[in-house]
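Participant: For reference, the structure I am asking about is given below.
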Amino acid sequence: MRNWWQSLGIGNKLNIPIQAMLIVVLSFAHFWVMEHIRDEILDGAERRAAVSADGIINGMNMMMLNGMIIDPDNRRLFIQKMGDSDHVKELRIIRAKQVQDQYGPGLPEEQVADEMDHRVMATKQTEFLLNEDSSAPTLRAVVPFIASTNYRGTNCLSCHDVEADSVNGAASITIDMTDDFEAIRHTQVLLWAGQIVLQILLFFATHSMIACFMRRIIVLQSRMEAMQATGSMERFIPIELRTGCQDEIGKLTSAFNRMSETLYNSEKSMRLATSIYQSNADAIVVTDENNLIVDVNPAFTRITDYTLDEVRGKNPRLMQSGHHDTKFYEEMWQQILGEGHWKGEIWDKRKDGELFAKMANIIVLRNADGSIYRYVAQFSDITEKKHKDEMIHWQANYDPLTNLPNRRLFHDRLGQAIKMAHRKALPLALFFIDLDHFKEINDQCGHANGDVLLMEVAQRLSSCVREADTVARLGGDEFTVILPDLGDTPQINRIAENIIEKLAQPFYFLNDETKHHISASIGIAIYPQDTTAFDGLLKCADKAMYAAKAAGRNRYIYFPESGQ
Numbered sequence: 321m322r323n324w325w326q327s328l329g330i331g332n333k334l335n336i337p338i339q340a341m342l343i344v345v346l347s348f349a350h351f352w353v354m355e356h357i358r359d360e361i362l363d364g365a366e367r368r369a370a371v372s373a374d375g376i377i378n379g380m381n382m383m384m385l386n387g388m389i390i391d392p393d394n395r396r397l398f399i400q401k402m403g404d405s406d407h408v409k410e411l412r413i414i415r416a417k418q419v420q421d422q423y424g425p426g427l428p429e430e431q432v433a434d435e436m437d438h439r440v441m442a443t444k445q446t447e448f449l450l451n452e453d454s455s456a457p458t459l460r461a462v463v464p465f466i467a468s469t470n471y472r473g474t475n476c477l478s479c480h481d482v483e484a485d486s487v488n489g490a491a492s493i494t495i496d497m498t499d500d501f502e503a504i505r506h507t508q509v510l511l512w513a514g515q516i517v518l519q520i521l522l523f524f525a526t527h528s529m530i531a532c533f534m535r536r537i538i539v540l541q542s543r544m545e546a547m548q549a550t551g552s553m554e555r556f557i558p559i560e561l562r563t564g565c566q567d568e569i570g571k572l573t574s575a576f577n578r579m580s581e582t583l584y585n586s587e588k589s590m591r592l593a594t595s596i597y598q599s600n601a602d603a604i605v606v607t608d609e610n611n612l613i614v615d616v617n618p619a620f621t622r623i624t625d626y627t628l629d630e631v632r633g634k635n636p637r638l639m640q641s642g643h644h645d646t647k648f649y650e651e652m653w654q655q656i657l658g659e660g661h662w663k664g665e666i667w668d669k670r671k672d673g674e675l676f677a678k679m680a681n682i683i684v685l686r687n688a689d690g691s692i693y694r695y696v697a698q699f700s701d702i703t704e705k706k707h708k709d710e711m712i713h714w715q716a717n718y719d720p721l722t723n724l725p726n727r728r729l730f731h732d733r734l735g736q737a738i739k740m741a742h743r744k745a746l747p748l749a750l751f752f753i754d755l756d757h758f759k760e761i762n763d764q765c766g767h768a769n770g771d772v773l774l775m776e777v778a779q780r781l782s783s784c785v786r787e788a789d790t791v792a793r794l795g796g797d798e799f800t801v802i803l804p805d806l807g808d809t810p811q812i813n814r815i816a817e818n819i820i821e822k823l824a825q826p827f828y829f830l831n832d833e834t835k836h837h838i839s840a841s842i843g844i845a846i847y848p849q850d851t852t853a854f855d856g857l858l859k860c861a862d863k864a865m866y867a868a869k870a871a872g873r874n875r876y877i878y879f880p881e882s883g884q
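Right, dumping it as structure tokens:
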């Protein structure tokens, strides 16, 4: 079944479900109309039966007024005359118990005969019973007679010793439904015939309409097969479209024309690039005069994860990482357009968003008239090399335990700070910090916990200074802080007091609720007040630190106060 369906053309695949849907809709409409007609016919029959039964009750009322109702023969004759019709199968009057109690049981046929009679007497509601026997269909109606003080101008209670709104009796009539059911069957045959004719007409109409739409798809298919057979776009001729043809098939044809034209243009550029990029380990990107990507080589996909289909017709800026500002790209394009080439390092991002560094070389290919034909960019991935360089730089300049600048970077930062302080004629403060009682904790709690304490000290120190300041670890439990551009001594005092306060707070180790305490001895030297020499400034701060320790620790002392 599945293979059969797949072997069908698109036209048949559209026509079959449409015809099936039409069959379902028309069949539903057929049954709905037929049910509506049947209900109308049966409702009419019920109205006829009810009117006939009501007429019998009226006749009995008239006989009661003239006294003829007392004679059973008169009642039997009346029923016989009223039922003398081809459409009346049975007609009788039912006498209620309260009437029997007052006037006697009456004729045998006037007694309650079945459950339907009982229900009508009890509920005071008219009931109908349809017998759909195909050979003799009938409809029976039982209509109650309600005693009233004004039943169509007659006071029933003047003759009957009963309560108002009680049931005196009922009229039961059974009519022949043969003609009614024949009318239903005849209507059903006409509806079936009409549905079949309409289905045939709709089949040919939808088939013709689908064939009209499919004609353009067949033309499109034949062109595609012809292109596939030749294997070349050199003989490509766009499919002609009628003016204003904007439906889905028209848009598909337009898309096919645009795609074919793009492939045609790409084929020419591929001949130029194939010999270059196929064997090159570096990524190559070829863009048109509008800097929209025309071609990329396999190395480009390997480095960026973008395929040619994903980037064709797009600007290479889709790989921009945001690492460079607008000025960087402006200067790059100025050199490309002015000198015809550019070489440099760029940070871009791969398809998954990962940043990578590349060494790029971009050149311009021009037509004979000097207009731009293509841009060709060749680049290699230098991310790993950059990471190695950064790692080497980190290892050379930062303390691996606390991530603070080490002694080497500290010296560089201090030298730069002294030069800036000299140029701006502003003082510079240098803190030399030594931790008190660190050795005892390191010996008692182990070197691992000692390292944890040093990392926490680094964080606390960093939290006490500004972003422009430098906190460094020279080694062991010795730290330094460079504070440039400080205008007055009170500000330096606040920072020193804050450091002493932070470091005096307890330290905790993992799985150890014991409070461990250290303190800090800080020596402070001021440039150029204490000295203008690089080594001299560090020595002054070191001497002041020792003076703070000698004075009892957990304090800060300026170099002039150290007595040195």
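The sequence shown stops at residue 884 when you use the working numbering, and every number in between is there. Each residue gets a CB set at the ideal place from its N, CA and C atoms; glycine is no exception.
(1) List the residues that DSSP assigns as beta-bridge partners of Ile-842.
(2) With 16 other CB atoms within 10 Å as the buried threshold, where does Pro-720 fall?
(3) Taking only the alpha-carbon atoms, compute the straight-line gap between Asp-615 and Arg-322 and give it to the nearest angstrom.
(4) Measure the beta-carbon distance from Leu-823 to Arg-780 and round it to whole angstroms, keeping in mind my assumption that it falls under 8 Å.
(5) Going by C-alpha to C-alpha distance, which of Arg-793, Gly-426, Trp-662, Phe-465 sits closest to Ile-391?
(6) Under the assumption that Gln-698 contacts Asp-668 (Cβ atoms under 8 Å), give the Cβ distance between them as a whole number of angstroms.
(7) Using CA atoms only, rank isn't needed, just tell me which of Asn-610, Lys-739, Ser-468, Asn-470 is closest to Ser-691.
(8) Hey, could you find the ends of the beta strand (DSSP E) Ile-389 is sitting in?
(9) What is the DSSP secondary structure of Pro-464, reduced to helix, strand or coil?
(10) Where Gly-633 and Ile-656 are concerned, what is the direct C-alpha to C-alpha distance, given to the nearest angstrom?
(11) Below 8 Å on the Cβ atoms is my contact criterion, and I expect Tyr-626 with Lys-663 to pass it. Report the Cβ-Cβ distance as a whole number of Å.
(12) Alpha carbon to alpha carbon, what distance is there between Pro-337 and Val-344?
(13) How is Met-497 classed by DSSP in three states: helix, strand or coil?
(14) Determine the burial state of Ser-542: buried for a count of at least 16 other Cβ atoms within 10 Å of its Cβ, exposed for fewer.
(15) Pick from Trp-653, Leu-774, Phe-676: whose alpha carbon is nearest that of His-795?
(16) If you drop the 5 nearest sequence neighbours on each side, which residues of the same chain put their C-beta closer than 7 Å to that of Met-497?
(17) My output table needs one value for Glu-665: the three-state DSSP class, helix, strand or coil.
(18) Ignore the nearest five residues each way along the sequence and tell me which others in Pro-507's own chain have a CB closer than 8 Å to its CB.
(19) Val-631: buried (16+ other C-beta within 10 angstroms of its C-beta) or exposed?
(20) Check each candidate in His-836, Ala-864, Ser-599 and name the one with the smallest Cα separation from Phe-827.
(21) What number of angstroms, rounded off, separates the C-alpha of Arg-412 from the C-alpha of Ile-361?
(22) Take Arg-622 as the anchor and find which of Phe-676, His-661, Thr-646 has the nearest alpha-carbon.
(23) Sort Ile-738, Val-462, Ser-454 by Cα distance to Thr-500 and report the nearest one.
(24) For Asp-771, which residues from the same chain have a beta carbon less than 8 Å from its beta carbon, with the 5 sequence-adjacent residues on both sides left out?
(25) What distance in whole Å lies between the Cβ atoms of Val-463 and Thr-446, which are believed to be in contact at a cut-off of 8 Å?
(26) What ranges does the alpha helix (DSSP H) occupy inside the stretch 399–426, keeping only unbroken runs of at least 4 residues that lie completely in it?
(27) Can you check which of these residues, Met-441, Val-482, Ser-492, is closest to Ala-369 by C-alpha distance?
(28) Quick one: is Cys-476 buried, meaning 16 or more other Cβ sit within 10 Å of its Cβ, or exposed?
(29) Give me the residue from Ile-613, Asp-701, Leu-385, Ala-619 with the minimum Cα distance to Asp-629.
(30) According to the Cβ coordinates, are Asn-681 and His-707 closer than 9 Å?
(31) Which same chain residues, not among the five before or five after Lys-739, have their C-beta less than 6 Å away from its C-beta?
(32) Below 8 Å, can you find three or more Cβ-Cβ pairs linking the stretch 830–845 to the stretch 732–752?
(33) In three-state terms, what does DSSP make of Leu-724?
(34) Beta-carbon within less than 8 Å of Val-785's beta-carbon, same chain only, minus the 5 sequence neighbours each way: which residues are those?
(35) Looking only at DSSP bridge pairs, what is Lys-678 linked to?
(36) Pull up the DSSP beta-bridge partners for Val-487, would you.
Facilitator: In short:
(1) Ile-753, Tyr-876
(2) exposed
(3) 41 Å
(4) 6 Å
(5) Reading the sequence as shown, one finds Asp at residue 391 and not Ile. Closest option to Asp-391, Cα to Cα, is Gly-426.
(6) Not really, about 14 Å apart at Cβ, beyond 8 Å.
(7) Asn-610
(8) Here Ile-389 belongs to no beta strand (DSSP E), and DSSP marks it neither H nor E.
(9) strand
(10) 21 Å
(11) No, Tyr-626 and Lys-663 are not in contact; Cβ-Cβ is about 22 Å, not under 8 Å.
(12) 10 Å
(13) coil
(14) exposed
(15) The sequence shown places Gly at residue 795, not His. When only C-alpha atoms are compared, the closest one is Leu-774.
(16) Ala-365, Pro-457, Thr-458, Leu-459
(17) strand
(18) The sequence as given places Thr at residue 507; Pro does not occur at that position. Closer than 8 Å at Cβ, skipping near neighbours: Met-354, Ile-357.
(19) buried
(20) His-836
(21) 25 Å
(22) Phe-676
(23) For the sequence presented, residue 500 should be read as Asp rather than Thr. Looking at the Cα atoms, Ser-454 is the closest of the given residues.
(24) Leu-721
(25) 5 Å
(26) 417–423
(27) Ser-492
(28) buried
(29) Ile-613
(30) no
(31) none
(32) yes
(33) coil
(34) Val-791, Val-801, Leu-803, Ile-815
(35) Ile-666, Asp-701
(36) Ile-466
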